[in-house]
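*Asks:* Residue numbering for the sequence shown follows our numbering, beginning at 2 and increasing consecutively.
C-beta: ideal position from N, C-alpha, C; glycine also.
Keep in mind that this is a model prediction, so the values were computed, not measured.
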Amino acid sequence: MLTCCRAAEHPWDRFKVDLFWRPLQLRCLIIGENPGDVESAYFYEAPGGYANDPVVVRRYLLRGLLGQKLLISATLEGFRDAGFLFDHAIRCPLSSADVKKERNAAMRFASSRVQRSAPLLAPLSQPPVVWVMGQLANNAVANLTEDLPKEKRKISCNPFPGEAAPGSRFFISEYFHRWNREQWPEICAAFARFTRTRGVF
């Protein structure tokens, strides 16, 4: 049993992400917040069908990237084959209340749970671009690299979604959830512009 969340294993390990979903050429690491609670479907848990995908972040992300012609198909296979990998700042399943508490702390770079984000360190150093999606991801990445300074960022307002700083390889946006479903097409469009100026896709 894991000491961090008392689960038998993290979804990342249960679904063997390293084995099945890591791209041959990692072009973009996307770091989200957390995989939801223990009852939530996981990002890399292939759905019965993508038309009614129950995982909100996956649904918006795959459709948005396909709309920007960064994917050939809005599927997990298409996502992997295009060079994307998705991980979480906190790999533990957590209740909504716990996530809210950690997210509020992350706005001050004080989330205790993202202190355990060491598994992100190796993949963080590899791709030419990193999409930092949400306050927890912002806190986790700032803990792991000096390339993303611990500066207060209101990620729901200009200049975001966008680069962390001029010339940065970090793209920062809100996390995709049902409350910002009107914004996800523009977030994906901003990400596509960011990657194309860097010649990544």
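Could you give the first and the last residue of the continuous beta strand (DSSP E) run that contains Phe172?
*Replies:* The residue you call residue 172 lines up with position 171 of the sequence shown. Note, Phe172: beta strand (DSSP E), Phe171 to Ser174.
*Asks:* What distance in whole Å lies between the Cβ atoms of Leu77 and Ala47, which are believed to be in contact at a cut-off of 8 Å?
*Replies:* Position 46 of the sequence shown, counting from 1, holds the residue named residue 47. Position 76 of the sequence shown, counting from 1, holds the residue named residue 77. Rounded, the Cβ-Cβ distance is 6 Å, consistent with contact.
*Asks:* Kindly indicate which three-state DSSP category Cys6 falls into: helix, strand or coil?
*Replies:* Within the sequence shown, numbered from 1, the residue matching residue 6 stands at position 5. The answer is coil: DSSP assigns Cys6 none of H, G, I, E or B.
*Asks:* Report the three-state DSSP secondary structure of Arg16 (helix, strand or coil).
*Replies:* The count along the sequence shown starts at 1 and reaches residue 16 at position 15. Contrary to the premise, residue 16 reads as Phe rather than Arg in this sequence. Coil at Phe16, not helix or strand.
*Asks:* Label Asn140 either buried or exposed according to how many other C-beta atoms from any shown protein chain fall within 10 Å of its C-beta, with 16 as the threshold for buried.
*Replies:* By 1-based counting over the sequence shown, the position of residue 140 is 139. Label assigned to Asn140: buried.
*Asks:* Taking only three categories from DSSP, how would you classify Phe195?
*Replies:* Here the question's residue 195 lines up with position 194 in the sequence shown. Reduced to three states, the DSSP call for Phe195 is helix.
*Asks:* Using only the alpha-carbon positions, how far apart do Pro162 and Glu175 sit?
*Replies:* As a first step, residue 162 is located in the sequence shown; it is residue number 161 there, counting from the start. As a first step, residue 175 is located in the sequence shown; it is residue number 174 there, counting from the start. Straight-line Cα distance between these residues: approximately 7 Å.
*Asks:* Which of the three DSSP states, helix, strand or coil, is assigned to Gly37?
*Replies:* Here the question's residue 37 lines up with position 36 in the sequence shown. Here Gly37 sits in coil by DSSP.
*Asks:* Pick from Ala98, Ser97 and Ala143: whose alpha carbon is nearest that of Ser118?
*Replies:* As a working mapping, residue 118 is identified with position 117 in the sequence shown. That would be Ala143, whose Cα lies nearest to the Cα of Ser118.
*Asks:* CB-CB under 6 Å to Thr196, same chain, minus the five flanking residues each way: which ones, in chain order?
*Replies:* Start at 1 with the first residue of the sequence shown, and residue 196 comes out as number 195. Taken in chain order, the residues that qualify are Val130 and Phe202.
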